[in-house]
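Protein sequences, first through last, are from chains A and B. Residue numbering for the first sequence follows our numbering, beginning at 670 and increasing consecutively. Residue numbering for the second sequence follows our numbering, beginning at 4 and increasing consecutively. Every residue gets a Cβ at the ideal spot worked out from N, C-alpha and C, and that includes glycine. Please read these numbers as outputs of a predicted model, since none were measured by experiment. See structure below.
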Amino acid sequence: MGTKDKQGFFGNWGGAYIPEVLHQTFEELNAEFTKCKNDPAFWQDYVELMSTYSCRPTPLTHAENLSRHFGGAQIYIKREDLNHTGAHKANNVMGQGLLVKRMGKKRVIAETGAGQHGMATATMAAKFGLECTIYMGEEDVRRQRPNVFWMEKMGATVVPVTDGSRTLKDAINEAFRDWVTNVDETHYVFGTVCGPHPFPEMVAWFQSIIGLEAAEQIIKYHGKMPARIFACVGGGSNAMGIFKRFIPESGVELVGVEAGGHGIATGLHAVRLSGTDASPGVAQGYKTMFLQDDDGQMKETHSVAAGLDYVGVSPILSDLWEKGRVRFESATDSEVMAALDLTMKKEGIIPALESTHAFVQAFKEAPQLTPADAIIINMSGRGDKDIFTIAHAFNDPSWKEFIIKRGLEYSQGK
Amino acid sequence: MQLEQQLRDRLEKKDILLMTHIVLGYPSFDTNRAVIRQMVENGVDCIEMQIPFSEPMADGPVIVKANQEAIKNGTKVADCLAFAAEMTASHDIPFLFMTYYNIIFKYGEKAFFEKAHACGIKGFIVPDLPPEEGESFLQLTAEYEIAPLLIFAPTSTDERMRVLASHGRGFIYCVARRGVTGTKSVIGQDVLDYLKRCREATSMPLAVGFGIQDRDDVSALIGMADMAVIGSQTIRLVDEKGAGAVGPFIAGLR
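Here it is, written out as structure tokens:
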């Protein structure tokens, strides 16, 4: 992790730009988090919970067919899709759930983009007996209908957010508004390594379980450290999760892949660190590189993957980018669809659209390396949730026919 | 003249002062101009002008919508600064800027202070900039004689209030309850107890905001606070009845 200078800062980035009404709650949160960090029993409880309620350690799969196909590096896939609820998001949420229990709060709220963080939070709330409200941009509710269905079934209230661009950043604003109103009883389960201190550090800490496992696994299967690690970057939680353990390993190149959308030149993307469109700013409680105009107004972003469709990026990643420790690249929507198709055909694995961005870059670079090298792709989540988006993007005729028929049945009251 | 002294002079003649709020560029600068004229003519003592921001985290639905519409209408920070200069030259009451920190940060802190000072602005309210993150900002407020208007909340401890007061100047903005702007709050015993704590923490004038809507709300504050803040209510009024309704509304508050 980057050097911490001022409280909550990573180099030039981070901080806690919060309204006064939240000051006291952040004092309490910081105190409790510090206690947990310094208590080895807390981490043990966390690992125990993740190995009994979820599927940790998640496997590291050797993608033999893809490795052969590209004829370069051995490609390994870290399978966060096999975590409970189908994504890495559960790691952070269950960790914060343990924290909420210690703080004695009765209600949790969360923002969600792709719906995976909302799903995980709804699951945790059900398990721990907490009241739960999820804020989700109206645009994302439409894109991720299956996740909305499950959240509601688990007893959460899902609130579609109709302000602004109706995506992740607007859901975050709305969750903050709920929090300032209901601060005494409520904990905001922030979903990514962004937002005000201590969230970036806290979420990175819980997610670091990914890299801790991956380091052991790659030594076991490959006998040495990987040459490169690829992870997609929206807010950056899965990337920080797998990178953190490897930051001191100078021989391991860390590559973050952002959403290129329709292409950087079109302006319809979410490229913060791998392009030149972003600039330093302060919003949503922290300082980082934002996609904003000259006045400091946030811009609209675009990605086929709701979870990457975000104006800011982790302050920890901005620091690692500035220091040259993490290299950033981007993948376009159409490259993502091609890589997804190839991965399904060659390996029988369905990565989420978000995760597929990492596959795109790994596929570009694997041929540059030799079979003696290994690379790891962090598959942050499974693609099942994206069935509507993926089927639509593939323009799949039999799926369309099924939807038309089912729609007709529903409209006839069957 | 310094903001606090301006307010103290006005308090010589009134039981309680009124501060109003507008969102610049919403629905238009022409309407802003008409609304401000009515406010001043009907005895408003201080006006906070909000420079719109795309992510107004601490605001409620009425002001959020106004921010979004203003930006959609093409309102630029430069337009807001020019309009501010025009207002301070036309009306003899203190004008403040309220905005989120990114607007100032992106403009360049020093450049923004210089410009605001030249425009005759007397204070800044920046709800997402706690003093811990505002070191350079606070230095510039002294250099340019622009009051940093810090916020007390009901969740602030006595000790925290004293820390905030040590950084603030002009007046202290006391948020009457938890939550975002624009929701009605009842001035009950808990609010009065809270205002007592605020009074003990500072000798600066106290402004009380969030959800004040009528004469009863304002008179309930007399003796407990120095200035009542009318925020979302005038925006609602202009939306529903036009700028002309603002004058009679203000006149009826005291």
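- Here Met52/B is not near Phe108/B, since their CB atoms are 8 Å or more apart.
- Contact check between the region 149-168 of chain B and the region 688-696 of chain A: three or more CB pairs, one atom from each, fall below 8 Å, which counts as touching.
- Residue environment for Gln1081/A: exposed (fewer than 16 other C-beta atoms within 10 angstroms of its C-beta).
- DSSP places Leu735/A within a helical segment (H, G or I) once states are collapsed to three.
- Using a CB distance below 9 Å, no part of the region 749-782 of chain A faces chain B.
- Counting the other Cβ atoms within 10 Å of the Cβ of Gln713/A gives fewer than 16, which makes it exposed.
- Fully contained in the region 679-748 of chain A are the following beta strand (DSSP E) runs of length 3 or more, in chain order: 729-731, 743-748.
- The three-state secondary structure of Val211/B, taken from DSSP, is strand.
- For Ile1044/A against Ala742/A, the beta-carbon gap comes to about 5 Å, under 8 Å, which counts as contact.
- Shown here, Cys83/B sits in a helix according to DSSP, grouped into three states.
- Excluding residues up to 5 positions away in sequence, Gly63, Val65, Ile66, Thr184, Gly185 lie with their Cβ nearer than 7 Å to the Cβ of Ser235/B in the same chain.
- Residue pairing from DSSP leaves Glu243/B without any beta-bridge partner.
- Below 8 Å, too few C-beta pairs join the region 763-770 of chain A and the region 1040-1058 of chain A to call them touching: fewer than three.
- Under the DSSP assignment, Leu986/A falls in the alpha helix (DSSP H) whose first and last residues are 984-991.
- In this structure, the CA atom of Tyr103/B is about 37 Å from the CA atom of Met1048/A.
- As summarised for the region 857-912 of chain A, the continuous alpha helix (DSSP H) elements at least 4 residues long and confined to that stretch are 868-876, 878-891, 906-912, given in chain order.
- In this structure, Glu58/B places its C-beta atom within 8 Å of the C-beta atom of Gln953/A.
- Rounded to whole angstroms, Trp1068/A and Gly1076/A show a C-alpha spacing of 12 Å.
- Excluding sequence positions up to five before and after Ser139/B, its CB lies within less than 7 Å of the CB of Glu112, all in the same chain and listed in chain order.
- Neighbours of Val232/B in chain A, taken as residues whose beta carbon is under 8 Å from its own, are absent, since the nearest beta carbon is some 15 Å off.
- In terms of beta-carbon proximity, Arg163/B lines the interface with chain A, with at least one pair separated by less than 8 Å.
- By the C-beta criterion, the region 139-156 of chain B is judged to be in contact with the region 164-180 of chain B, since at least 3 inter-stretch pairs fall below 8 Å.
- Under the DSSP assignment, Tyr804/A falls in the beta strand (DSSP E) whose first and last residues are 800-806.
- Contact note: Thr160/B reaches chain A through Gln693, using a C-beta cutoff of 7 Å and chain order.
- Look at the region 825-853 of chain A: the residues with a C-beta under 8 Å from a C-beta of chain B are Asp832, Gly833, Lys838, Asn842, Phe845, Arg846, Val849, Thr850, Asn851, Val852, Asp853.
- DSSP lists Cys901/A, Glu998/A as the bridge partner or partners of Val926/A.
- Neighbourhood of Gln53/B in chain A, by CB distance below 8 Å: empty, with the nearest CB roughly 14 Å away.
- Listed along chain A are Gly833, Gln966, Met967, each with a C-beta nearer than 7 Å to that of Ser57/B.
- Neighbourhood of Asn35/B in chain A, by CB distance below 8 Å: empty, with the nearest CB roughly 18 Å away.
- Below the 8 Å Cβ cutoff, chain B contributes no neighbours of Val902/A, its closest Cβ being approximately 20 Å away.
- Annotated three-state conformation of Gly1050/A is strand, per DSSP.
- Taking the CA atoms as reference points, Pro895/A sits about 6 Å from Val921/A.
- Using a Cβ-Cβ cut-off of 8 Å, Glu689/A counts as an interface residue toward chain B, since at least one Cβ of chain B sits closer than that to its own.
- Just measuring C-alpha positions, the residue of Ser720/A, Gly677/A, His738/A sitting nearest Pro1040/A is His738/A.
- His931/A places its beta carbon 8 Å or farther from that of Ser999/A.
- The beta carbon of Glu800/A lies closer than 8 Å to those of Lys775, Arg776, Val777, Ala794 in the same chain, with the five residues before and after it left out.
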